[in-house]
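Just so you know, we're using this note's numbering here: the sequence shown kicks off at 61 and counts up by one.
Every residue gets a Cβ at the ideal spot worked out from N, C-alpha and C, and that includes glycine.
Small disclaimer: the values here were computed from a predicted structure and weren't measured.
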Amino acid sequence: MTGQAQDGGRKLRSQAWFDNPDNPGMTALYMERYLNFGLTRKELQSGKPIIGIAQTGSDLSPCNRHHLVLAQRVREGIREAGGIAMEFPVHPIQETGKRPGAALDRNLAYLGLVELLYGYPLDGVVLTIGCDKTTPACLMAAATVNIPAIALSVGPMLNGWWKGERTGSGTVVWKQRERLAAGEIDYEQFMEIVASSAPSTGYCNTMGTATTMNSLAEALGMQLPGSAAIPAPYRERQQIAYETGKRAVAMVWEDLKPSDIMTREAFENVIVVNSAIGGSTNAPIHINAIARHIGVPLEVDDWQEIGHKVPLLVNLQPAGQYLGEDYQHAGGVPAVVNELMKHGLIRENALTVNGKSIGENCRGAEIELPDVIRTFDTALVQDAGFIVLRGNLFDSAIMKTSVISKEFHDRYLADPKSPNAFEGRAIVFEGPEDYHHRIDDPALAIDEHCLLFIRGAGPIGYPGAAEVVNMQPPAALIKRGIHSLPCIGDGRQSGTSGSPSILNASPEAAAGGGLALLRTGDRVRIDLNKGEANILISDAELATRRAELERQGGYHFPPSQTPWQDIQRSMVDQLAQGMVLKPAVKYQKVAQT
Ligand code: FES
Ligand code: MG
61 MTGQAQDGGR
71 KLRSQAWFDN
81 PDNPGMTALY
91 MERYLNFGLT
101 RKELQSGKPI
111 IGIAQTGSDL
121 SPCNRHHLVL
131 AQRVREGIRE
141 AGGIAMEFPV
151 HPIQETGKRP
161 GAALDRNLAY
171 LGLVELLYGY
181 PLDGVVLTIG
191 CDKTTPACLM
201 AAATVNIPAI
211 ALSVGPMLNG
221 WWKGERTGSG
231 TVVWKQRERL
241 AAGEIDYEQF
251 MEIVASSAPS
261 TGYCNTMGTA
271 TTMNSLAEAL
281 GMQLPGSAAI
291 PAPYRERQQI
301 AYETGKRAVA
311 MVWEDLKPSD
321 IMTREAFENV
331 IVVNSAIGGS
341 TNAPIHINAI
351 ARHIGVPLEV
361 DDWQEIGHKV
371 PLLVNLQPAG
381 QYLGEDYQHA
391 GGVPAVVNEL
401 MKHGLIRENA
411 LTVNGKSIGE
421 NCRGAEIELP
431 DVIRTFDTAL
441 VQDAGFIVLR
451 GNLFDSAIMK
461 TSVISKEFHD
471 RYLADPKSPN
481 AFEGRAIVFE
491 GPEDYHHRID
501 DPALAIDEHC
511 LLFIRGAGPI
521 GYPGAAEVVN
531 MQPPAALIKR
541 GIHSLPCIGD
551 GRQSGTSGSP
561 SILNASPEAA
571 AGGGLALLRT
581 GDRVRIDLNK
591 GEANILISDA
601 ELATRRAELE
611 RQGGYHFPPS
621 QTPWQDIQRS
631 MVDQLAQGMV
641 LKPAVKYQKV
651 AQT
């Protein structure tokens with residue numbers, strides 16, 4: 061069978077390495093070390109597809125660690141379908157473990173994976189996704205290289221429980237740290253309650269960035285239907301791993317590539333689904349990045365235009381009550397998509413990895429737990445998507461309106477004289493350390509009429525952009541029952557946070573954005589109806605401040621601590637543009653060139 065492919069003659073990419081009679085010397089060199097782990101020459105030259113398993117799990121990345129187990133079932137699926145599996149490590153990214161932040165490593169893992177997919181004899185790849193940044197890193201690389209690729213989610217952890225109540229990843233931290241600050245619980249109790257939210261292997265069980273991005277990878281068409289929500293320890297997770305491996309082989313023969321799946325239609329579906337699930341504010345950053353690498357036009361404004369009017373259907377923390385296991389039992393992504401299809405909001409012809417359209421896959425997927433996944437009639441929030449704000453503070457920033465609490469709404473948005481608009485005195489912090497240092501400083505005289513700003517937290521100011529915009533008010537205000545102040549900044553915030561911050565401001569202060577001109581004590585007006593955010597000073601005063609900033613050499617930020625921080629800072633784009641490495645974008649579909 062040497063030199064012949066199974067589909068009747070089409071030569072596979074891997075055969076250029078392993079079976080090239082025109083260059084026996086190179087072929088022998090390429091092949092001989094791959095025999096060392098027991099593969100035979102016959103196998104390597106059989107024309108069977110070689111399927112990579114891009115392994116993101118490791119001891120350093122516990123959210124994805126279960127992929128080390130699942131990979132065995134992926135291999136069995138690949139073998140069953142007539143392929144050869146080759147597993148290899150992807151640069152690990154643990155959201156909660158990496159200093160100064162995991163987002164710094166998204167582009168590093170992307171670059172590394174591009175080199176692996178391009179430079180090794182792989183015909184297709186299974187992308188093992190899960191923890192926040194692992195999903196975009198893998199999909200961005202698949203977009204750039206454009207060989208057949210299918211994602212496999214590791215699945216969420218089981219539900220956390222504490223004294224009969226669900227405790228959700230991350231969300232429990234934001235809630236309990238307020239109780240800790242107010243003296244209602246001590247350090248020991250705090251740690252115990254937080255630990256209860258992480259009862260098993262898997263990623264965050266809330267609708268944080270992980271559940272968001274894994275759901276969106278399915279909505280994008282890059283995972284098998286119904287696979288995103290299966291909790292990590294369930295038997296169905298092992299079964300879908302096997303099916304994913306099998307399907308990867310078939311995709312190679314069908315030559316079904318990321319560019320066939322990740323189309324403009326598919327990205328529009330992603331935006332709609334993100335609103336319906338109450339997805340993380342990190343989603344626009346990562347999804348826009350994937351779109352840029354596959355060459356599909358997608359702007360931050362598309363998120364409001366396509367997504368804002370969509371209601372919130374999924375009742376998961378932080379916007380709602382439930383957790384990952386409930387989401388799975390309620391029907392997961394297909395049930396959400398089916399409900400959206402009934403209202404004409406899904407582009408049903410978008411193709412997915414199983415070779416069928418999203419419409420074919422999801423039509424008839426019923427909601428099984430009506431309190432967990434709602435219908436349009438029982439939606440949790442109307443108009444649940446992001447809104448985009450702009451003004452003299454920034455060209456764009458987004459706000460997740462579905463998490464606005466009643467307390468916040470009544471204090472800031474309910475005034476009949478100016479509905480959905482508010483003004484206040486700005487308190488400005490220079491990055492997270494400054495915030496922690498000064499938030500309780502009585503000299504700032506922070507009261508409920510203040511707006512908290514943080515800058516120096518964008519991709520350049522704080523490499524990778526810090527998840528810090530959801531700032532807690534001073535302890536004195538919390539004791540008075542004021543749990544949230546409006547927060548605005550050029551950083552990000554955790555998807556598990558329920559804070560209605562205005563964030564991802566672009567350009568950031570460090571890139572010369574208007575935020576750099578703001579001073580503590582300025583009055584700022586936010587108008588959600590008009591989508592505006594402005595410092596209430598004259599243009600002349602703004603120009604004077606800008607000239608002064610330029611004389612000082614621009615906004616100052618701390619030096620880099622590692623080579624990668626420095627390299628990334630020198631070439632990274634802003635959050636609105638996906639925080640991609642600017643020179644990387646021109647390399648598209650590189651496996652074909
Ligand atoms: Fe890894 Fe949330 S910390 S998924
Ligand atoms: Mg996060």
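In terms of side-chain proximity, the C-beta atom of Q154 is found nearer than 8 Å to a non-hydrogen atom of the ligand FES. Around the beta carbon of L588, a 10 Å sphere encloses 16 or more other beta carbons of the protein chains shown; the residue is thus reported as buried. Remark: fewer than three beta-carbon pairs, one from each stretch, lie closer than 8 Å, so the region 595-614 and the region 129-145 are not flagged as touching. Three or more beta-carbon pairs separated by less than 8 Å link the region 270-283 to the region 194-203, which places the two stretches in contact. The residues S456, A457, G591, E592, A593, in chain order, have a CB closer than 8 Å to that of R450 in the same chain once the five nearest residues on each side in sequence are set aside.
Under the DSSP assignment, F489 falls in the beta strand (DSSP E) whose first and last residues are 481-490. In the DSSP assignment, P149 forms a beta bridge with Q115.
Contact annotation: N398 and G424 have beta-carbon atoms nearer than 9 Å. Shortest gap from the CB of A288 to any heavy atom of the ligand FES: 8 Å or more. Judged by DSSP secondary structure, I458 falls within the beta strand (DSSP E) whose first and last residues are 456-460.
Rounded to whole angstroms, V186 and I548 show a C-alpha spacing of 38 Å.
Rounded to whole angstroms, I113 and T156 show a C-alpha spacing of 24 Å. Remark: the shortest separation between the CB of Y263 and any heavy atom of the ligand FES falls under 8 Å. By the 16-neighbour rule on beta-carbons within 10 angstroms, F446 is buried. For L95, the closest of D82, F78, I111 by C-alpha to C-alpha distance is F78. Straight through space, the alpha carbons of I111 and P560 are spaced by roughly 43 Å.
Taken from the Cβ of C123, at least one heavy atom of the ligand FES lies inside 8 Å. For E592, there is no enclosing alpha helix (DSSP H); the residue is found in the beta strand (DSSP E) stretching over 592-595. Annotation for H509: G484, R485 place their beta carbon closer than 7 Å to its own, counting only its chain and skipping 5 residues before and after. With a cutoff of 8 Å, T438 does not count as near the ligand FES, since its C-beta is closer than that to no heavy atom of the ligand. Between T580 and the set R611, Y647, R498, the nearest pair of CA atoms involves R498.
Bounds of the alpha helix (DSSP H) holding F250 are 247-255. Of the candidates H127, G228, E359, G228 places its Cα closest to the Cα of A255. As the crow flies, the alpha-carbon of E610 is around 9 Å from that of G572. In this structure, DSSP gives Y387 a helical state, which the three-state scheme calls helix. Taking the Cβ of C191 as the reference point, at least one heavy atom of the ligand FES falls within a distance shorter than 8 Å. Under the three-state reduction of DSSP output, T188 falls in the strand class.
Annotation: the continuous alpha helix (DSSP H) that includes I345 extends over 343-354.
For V332, the enclosing alpha helix (DSSP H) starts and ends at 324-337.
Straight-line spacing of the CA atoms in G516 and T622 works out to 18 Å.
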